[in-house]
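I have placed the structure first, in the form of structure tokens, so that the comments after it can refer back to it.
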Amino acid sequence: MIDLAIDLSPVRSQFPALQETDEQGHPHIFFDGPGGTQVPQSVIEAMAGYFVKANANKGGYFITSHRNDKVIDDARAAMADFLNAPSPQEIVFGANMTTLTYSLSRSIARRLKPGDEIIVTRLDHDANVSPWLALEEQDITVKMADFDVEDCRLDLSHLASLLTDQTKLVAVGYASNAVGTINPIPRIAAMAHNVGAWLWVDAVHYAPHGPIDVQRLGCDFLVCSAYKFFGPHVGVLWGKFDLLEQLSAYQVRPANPKVPYRFETGTLNQEGLAGVTAAVDYLAGVGRAYGATFDGNSAFDGRRQELKQAMQAIATYERRLFTEMIAGLQSLPGITLYGITDPAEFDERCPTIAFTRDGFTPTQIAAYLGERGIFVWDGNYYAINVTERLGVEASGGMVRVGLAHYNTQEEVDRFLTALKEMT
Ligand SMILES: Cc1ncc(COP(=O)(O)O)c(C=O)c1O
Numbered sequence: 173m174i175d176l177a178i179d180l181s182p183v184r185s186q187f188p189a190l191q192e193t194d195e196q197g198h199p200h201i202f203f204d205g206p207g208g209t210q211v212p213q214s215v216i217e218a219m220a221g222y223f224v225k226a227n228a229n230k231g232g233y234f235i236t237s238h239r240n241d242k243v244i245d246d247a248r249a250a251m252a253d254f255l256n257a258p259s260p261q262e263i264v265f266g267a268n269m270t271t272l273t274y275s276l277s278r279s280i281a282r283r284l285k286p287g288d289e290i291i292v293t294r295l296d297h298d299a300n301v302s303p304w305l306a307l308e309e310q311d312i313t314v315k316m317a318d319f320d321v322e323d324c325r326l327d328l329s330h331l332a333s334l335l336t337d338q339t340k341l342v343a344v345g346y347a348s349n350a351v352g353t354i355n356p357i358p359r360i361a362a363m364a365h366n367v368g369a370w371l372w373v374d375a376v377h378y379a380p381h382g383p384i385d386v387q388r389l390g391c392d393f394l395v396c397s398a399y400k401f402f403g404p405h406v407g408v409l410w411g412k413f414d415l416l417e418q419l420s421a422y423q424v425r426p427a428n429p430k431v432p433y434r435f436e437t438g439t440l441n442q443e444g445l446a447g448v449t450a451a452v453d454y455l456a457g458v459g460r461a462y463g464a465t466f467d468g469n470s471a472f473d474g475r476r477q478e479l480k481q482a483m484q485a486i487a488t489y490e491r492r493l494f495t496e497m498i499a500g501l502q503s504l505p506g507i508t509l510y511g512i513t514d515p516a517e518f519d520e521r522c523p524t525i526a527f528t529r530d531g532f533t534p535t536q537i538a539a540y541l542g543e544r545g546i547f548v549w550d551g552n553y554y555a556i557n558v559t560e561r562l563g564v565e566a567s568g569g570m571v572r573v574g575l576a577h578y579n580t581q582e583e584v585d586r587f588l589t590a591l592k593e594m595t
């Protein structure tokens, strides 16, 4: 029996930033998570602890270097659990998702020939578009699948019409960072594989909101960023081992040529990796504390199971909050909401809500809220094709409210009251 009344707000005590107030004494309300989430104390301590105990480069014959090597191995194991990767050796770390995508797109392009095709989508963050568009330089054809402007769902029949025997890769987001749509990845994987193409998934936006299982999804590559799921600024790539082995990397000659090391250019952000493990362990702790009623499993069988149940608990809790927020926004005059608004379809969206309001620009709304300690984003958040397709780019894009599991009903209410009072 799933606990729909689940309350995750006690986790807040673990996040120092959530205790902060502004100079006027307003408690900060962090609805800016899609731009980067706050971190628990354990992540801060792990990163600070790295500098005290393990601050060395890898491969040395002394204690701090041994500890550093363990930090890297532990982070790979943590991310393998987070993504349900068959092996930690399929995890590659980098600066961020954008850098990893540019780097791997170049490696993949080395295998392509003029006339080969790649499909991207109009619903994606530009980090999953521009790196592929750049391959037009070498006469790769890049096509763009559209979305339905009514509810911001990906147009799967348009995507199907673009697939040909020449399609070598489909790049798609797991969830939209602008309007919150969750794409049906297993279905898209089957469509891509049907023509022999690889599926590249940008899970940056989805990662803090639900369980990721690369084996269930059936994708070939998946990228995410730890700063979006309560960790530090580290990019993470998962790829099927045999595919990674087929790709050559841009690396300096003395570097380790094996997978995954060959894709990790230069020295990693090792203090960040200590934080990645701590972020994953934090989430596993959420699973132990709140996830027992999910998956019919209260006797946890290791960190993977804890993570899966944590993310199910988080998705359930967030759903209640975003249902309230959407209903509250719909009751205000002059608001246009973008994306899925029918509660019967809320399984297909995450708690990231975009809207515009008659008489105010998105920047005016974000600044008004910001002055009251309520942090939201405005503009296009690099999902430039989305704002253009929705016809709002020229007028300043949309206001984006991004809920996370550390937000509360009270914060949602304060936000709605502030909007109500805005004149
Ligand atoms: C959906 C999505 N993809 C990719 C990115 C880029 O991630 P990174 O900052 O790790 O390069 C973002 C950042 O906001 C995002 O929201």
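Positions 173 to 595 (my numbering) are the ones given, in order, by the sequence shown.
Note that the Cβ used here is the ideal one computed from N, Cα and C, for glycine as well.
Counting along the chain, the unbroken beta strand (DSSP E) around A526 starts and ends at 524-529.
With a cutoff of 7 angstroms, H377 counts as near ligand 1, since its C-beta is closer than that to a heavy atom of the ligand.
Between I357 and C324 a beta carbon distance of about 16 angstroms is seen, past the 8 angstroms cut, so the two are scored as non-contacting. The distance from the Cβ of A375 to that of V342 is about 15 angstroms, inconsistent with a contact at the 8 angstroms cut-off. A buried status is given to P523, since no fewer than 16 other beta-carbon atoms sit within 10 Å of its beta-carbon. With a minimum length of 4 residues, the unbroken runs of alpha helix (DSSP H) contained wholly in the segment 321-371 fall at 328-334, 357-366.
In the DSSP assignment, E583 falls within the alpha helix (DSSP H) that extends over 581-593. For S302, the shortest separation between its Cβ and any heavy atom of ligand 1 does not lie below 7 angstroms.
By a beta-carbon distance limit of 8 angstroms, V301 does not contact L335. Their separation comes to about 18 angstroms.
By the beta-carbon neighbour count (other beta carbons within 10 angstroms, threshold 16), R491 is buried. When the alpha-carbon of D318 is set against those of L331, L307, Q310, G287, the nearest one is in L331.
A317 is bridged by DSSP to T293. Under the three-state reduction of DSSP, Y433 is assigned to helix.
By a beta-carbon distance limit of 8 angstroms, Y346 does not contact H297. Their separation comes to about 11 angstroms. Where V571 is concerned, the enclosing beta strand (DSSP E) starts and stops at 570-574.
Judged by beta-carbon spacing, L416 lies beyond the 8 angstroms limit of P404, meaning their Cβ atoms are not closer than that value. Of H577, Y540, E560, the smallest CA-CA separation from G569 is found for E560. In the DSSP assignment, the residues bridged to S397 are G407.
The beta carbons of P380 and T209 sit about 6 angstroms from each other, so the pair counts as a contact at 8 angstroms.
Cβ-Cβ distances below 7 angstroms link V548 to F203, D204, A538, L541, V571, R572, V573 in the same chain, with the five nearest sequence neighbours on each side left out; the list follows chain order. Within the same chain, Cβ atoms closer than 7 angstroms to the Cβ of G531 are found at G506, the five residues on either side in sequence being excluded. For L509, the uninterrupted beta strand (DSSP E) segment begins and ends at 507-510. Of the heavy atoms belonging to ligand 1, none sits nearer than 7 angstroms to the Cβ of T353. As a beta-bridge residue in DSSP terms, F532 pairs with R529. If you look at F234, you'll find it isn't in any beta strand (DSSP E); DSSP assigns it neither H nor E. Put simply, of I263, T589, Y553, K592 the residue whose alpha carbon is nearest the alpha carbon of G207 is Y553. C-alpha of M497 to C-alpha of D453: approximately 30 angstroms in a straight line.
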